[in-house]
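Have a look at the structure below before the remarks.
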Amino acid sequence: MNLKKSLLLSLGAFTVIGVWTRLYINTPSELDVQSISTSSNIRIFVARPSFWEGAGALQLLRTANSSDGLNNRNDGYQTFTISGYTADTYYDNATGNGGFDEYAVAGIVYYEIPYVDIDGKWFDLVRIDPANSNNVWNDVGNIQFSAGMNHRILRIWGNGGGLVTNISGGSAESRNIANSSLVPILTGYLTCSNTSYNGYGAYTDLRDNFNLEGRSGLSSVSITDFTFTNTGGVISYDYSTSGNRSVSTTLQAKVDRMKSISGN
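The following block contains the structure:
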């Protein structure tokens with residue numbers, strides 16, 4: 011699905027000027043930074059124990075319209091596999107500096123899924139026997155997704171039997187992850203979309219949960235962005251699934267632009 015919004019930016023303000031299949035921004039030379047695969051998707055980030063991927067386990071995020079639907083694999087039941095990974099060690103009990111002593115951590119993984127497939131629905135994270143899909147080795151339990159859960163890192167705890175979902179703001183564990191680990195997180199947001207689930211409408215949550223304005227060194231971390239056309243100073247991005255992502259810019263440019271457009 012294409013992002014069907016068009017905004018005109020001028021002197022830090024914006025005006026909605028119509029509904030189009032592309033986004034047109036009046037700006038001299040700055041690059042926007044977005045690389046999520048389609049504007050209808052979000053990313054769910056999870057810190058998982060190292061054993062979670064052991065024995066060839068299927069590591070699934072499952073959704074359904076109800077808690078019973080998850081248990082019975084009906085009522086809109088769907089499964090999603092891991093989309094990406096970042097090797098952050100903050101949560102690790104041996105090499106990290108976060109004070110976590112539960113287990114060794116196998117980095118941070120994310121599931122990129124359509125927002126409509128999880129908004130208001132029930133979900134869980136499971137390890138499943140690759141030889142028998144009915145044999146669930148570990149299950150964090152059934153959780154109802156609420157707005158903003160995707161703007162933080164969810165952490166599996168209790169030897170794989172639970173999921174921390176509610177730590178955010180100044181207390182957020184994710185404020186201390188490495189700058190490089192922010193790359194797949196922030197590129198999961200469309201800088202010029204006003205949505206609260208994957209656009210600049212989420213900026214205040216991202217700012218607080220990841221300490222975006224208190225970090226240094228973001229300008230040295232590169233991001234691959236959508237390509238664009240520049241016609242008379244008007245930069246045009248195509249947020250379609252076929253968008254070409256080959257322009258390099260930085261995390262700092264991403265943060266600065268989202269902050270400016272959001273007005274926060």
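Taking this note's numbering, I'd label the letters of the sequence shown as residues 11 to 274.
The C-beta atom is built at its ideal place from N, Cα and C for all residues, glycine as well.
All values reported here derive from a predicted model rather than from experimental measurement.
Beta-carbon spacing of residue i, residue j below 8 Å
i      : j      : result
Tyr207 : Tyr121 : no
Ala104 : Ala116 : no
Asn219 : Ala263 : no
Ile166 : Asp98  : no
Ser258 : Ser232 : yes
Ile128 : Phe155 : yes
Val150 : Leu70  : no
Asn148 : Arg185 : no
Cβ-based burial, residue i [other Cβ within 10 Å; buried from 16]
i      : result
Leu261 : buried
Pro140 : exposed
Thr91  : exposed
Arg83  : exposed
Ser226 : exposed
Asn145 : exposed
Asn51  : buried
Asn142 : exposed
Cβ-based neighbour list, residue i, same chain, cut-off 8 Å, excluding 5 preceding and 5 following
i      : result
Asn152 : Ser77, Leu80, Asn81, Trp132, Phe133 and Asp134
Thr214 : Ser272 and Asn274
Gly209 : Tyr199, Leu200, Thr201, Cys202 and Ser203
Pro59  : Glu112, Tyr113, Ala114, Val115, Ala116, Ile166, Asn169 and Gly170
Rounded straight-line distance, which links the Cα of residue j to that of residue i
i      : j      : result
Ser270 : Asn189 : 21 Å
Thr73  : Thr241 : 43 Å
Met159 : Ile54  : 8 Å
Thr201 : Thr48  : 13 Å
Gly86  : Met268 : 34 Å
His161 : Ala67  : 27 Å
Leu234 : Asp266 : According to the sequence as given, residue 234 is Thr; it is not Leu. Distance between the alpha carbons of Thr234 and Asp266 is about 16 Å.
Gly224 : Ser203 : 24 Å
Gly170 : Leu228 : 33 Å
Ala157 : Gly130 : 8 Å
Gly64  : Tyr101 : 18 Å
Gln88  : Asn75  : 10 Å
Ser230 : Leu196 : 15 Å
Same chain only: Cβ atoms within 6 Å of residue i, ignoring 5 sequence neighbours per side
i      : result
Thr205 : Gly211
Val56  : Val119 and Leu164
Tyr275 : This structure does not reach residue 275, given that the chain is present from 11 up to 274, and the question cannot be answered.
Ile295 : This structure leaves residue 295 out entirely; the chain is present only between 11 and 274.
Residue i - partner residues in DSSP beta bridges
i     : result
Leu71 : Phe90 and Leu135
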